[in-house]
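Visitor: According to my numbering, the stretch in the sequence shown is residues 145 to 383, in order.
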Amino acid sequence: MKKAKDYIIFPLDVSSVKTAKHYVETLSESVGMFKIGLELFIRSGPDIIDFIKASGAVRIFLDLKLHDIPATVSHAMQNIADLGVAFATVHCGETSRMLEAAVTGSKDKVGVLGVTVLTSVLNEDIQSAGFKKIFYDDLTKLVIKRAAMAKEAGCKGIVCSALEVKMIKETFGQDFVAVTPGIRPDWEAGGKNDQRRVTTPSRAVQDGSDYLVIGRPIKDAKDPKEAAARIAEEIQAVL
């Protein structure tokens, strides 16, 4: 049975391998998954994946957001599939062929997640990028369109804002995995925040989020392990 802590993905958004290893050692029993992004992967390569795997049963989410021609994406995903990670991301871009190539390259060894619209993006950003009025008037429509591309291509699920996850589940079913960044507990003091479309852990889980990417509320806390436990308690209350 899925435990409350298993919903929590902690992003290792650091450049220092030493710092990343510190968080892994501190939080390996407090979260369900670690997310490795471009910043750390460019610095460490697959070595950090091996370190996390050696730390215990915690899973790994390789968030490189692939976006290239289909052949390149397929070959990259083949290499990722051999690393032993649970999930890997590819952008839901201009064509479904790229998503299909990612799924083919995964060889069913890694769950491919389509990135719909980044949580830092607002309606005016979509308008400035030249999208149709229907999409910048209602950003949810663009998320649904891209989620449909991912679903049809055979992706395991998507990355989207928790504000859209309820509609995603209603449209594509409960088995279509939804990973949601932009999670902020009410008790967080605030501070720098690149993400605009945010919600609380309990609300995200109630709306259907399968995994919550939670960084600063844990990382910036005086006691990161205690902060993760506090978030797990909030999640447990709505399970």
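Beta carbons are placed, not taken as given, at the ideal position from N, Cα and C, and that holds for glycine.
Could you check where the alpha helix (DSSP H) with Tyr167 kicks off and where it finishes?
Guide: Counting along the chain, the alpha helix (DSSP H) containing Tyr167 begins and ends at 161 to 171.
Visitor: Return the Cβ separation of Leu383 and Thr343 in integer angstroms, given the expectation that the two are a contact with Cβ distance under 8 angstroms.
Guide: Incorrect: roughly 17 angstroms between the Cβ atoms, too far for contact.
Visitor: Please report the distance separating the alpha-carbon of Phe279 from that of Ile270.
Guide: Straight-line Cα distance between these residues: approximately 7 angstroms.
Visitor: Can you tell me whether Leu307 is helix, strand or coil according to DSSP?
Guide: Leu307: helix per DSSP, three-state reduction.
Visitor: Can you tell me the Cβ-Cβ gap for Ala294 and Gly258, rounded? I've got them flagged as a contact below 8 angstroms.
Guide: Right, the Cβ-Cβ distance comes to about 3 angstroms (below 8 angstroms), so this counts as a contact.
Visitor: At which residue ranges does the region 166 to 208 contain complete alpha helix (DSSP H) runs of 4 or more residues, listed in the order of the chain?
Guide: Runs of the alpha helix (DSSP H) inside the region 166 to 208: 182 to 188, 191 to 198.
Visitor: State the start and end residues of the unbroken beta strand (DSSP E) segment that holds Tyr355.
Guide: It spans 355 to 357 - the beta strand (DSSP E) in which Tyr355 sits, taken as one unbroken run.
Visitor: Can you list the alpha helix (DSSP H) stretches of 4 or more residues lying completely in the region 259 to 309, in chain order?
Guide: You should have 267 to 272, 277 to 281, 283 to 297.
Visitor: Whose C-beta lies closer than 7 angstroms to the C-beta of Asp150 among residues of the same chain, with five residues either side of it excluded?
Guide: So the list reads Gly176, once near-sequence residues are dropped.
Visitor: For Met242, which residues in the same chain have their Cβ closer than 6 angstroms to its Cβ, ignoring the five residues on either side in sequence?
Guide: Result list for Met242: Pro214, Val217, in chain order.
Visitor: Where does Asp207 land, buried or exposed, given buried means 16+ other C-beta within 10 angstroms?
Guide: That one is buried.
Visitor: So the beta strand (DSSP E) His235 belongs to, where does it begin and stop?
Guide: Element bounds for His235: 231 to 235.
Visitor: Determine whether the beta carbon atoms of Glu244 and Ala291 lie at a separation below 9 angstroms.
Guide: No, these two residues do not count as a Cβ contact at 9 angstroms.
Visitor: So, for Ala246: in the same chain, excluding its five sequence neighbours on each side, which residues have a beta-carbon less than 6 angstroms away from its beta-carbon?
Guide: These residues qualify, in order along the chain: Val217, Met221, Val234, Val256.
Visitor: Sort out for me which residues DSSP pairs Pro155 with in a bridge.
Guide: Paired residues: Lys179.
Visitor: Just to confirm, are Phe185 and Phe205 a CB contact at a threshold of 9 angstroms?
Guide: Cβ atoms of Phe185 and Phe205: not closer than 9 angstroms.
Visitor: Quick one: using the 10 Å Cβ neighbour count with 16 as the cut-off for buried, is Thr163 buried or exposed?
Guide: Classification for Thr163: exposed.
Visitor: For Gly436, count neighbouring Cβ atoms within 10 angstroms of its own Cβ and tell me buried if that reaches 16, exposed if not.
Guide: Examination of residue 436 is not possible in this model, given that the chain is present from 145 through 383 alone.
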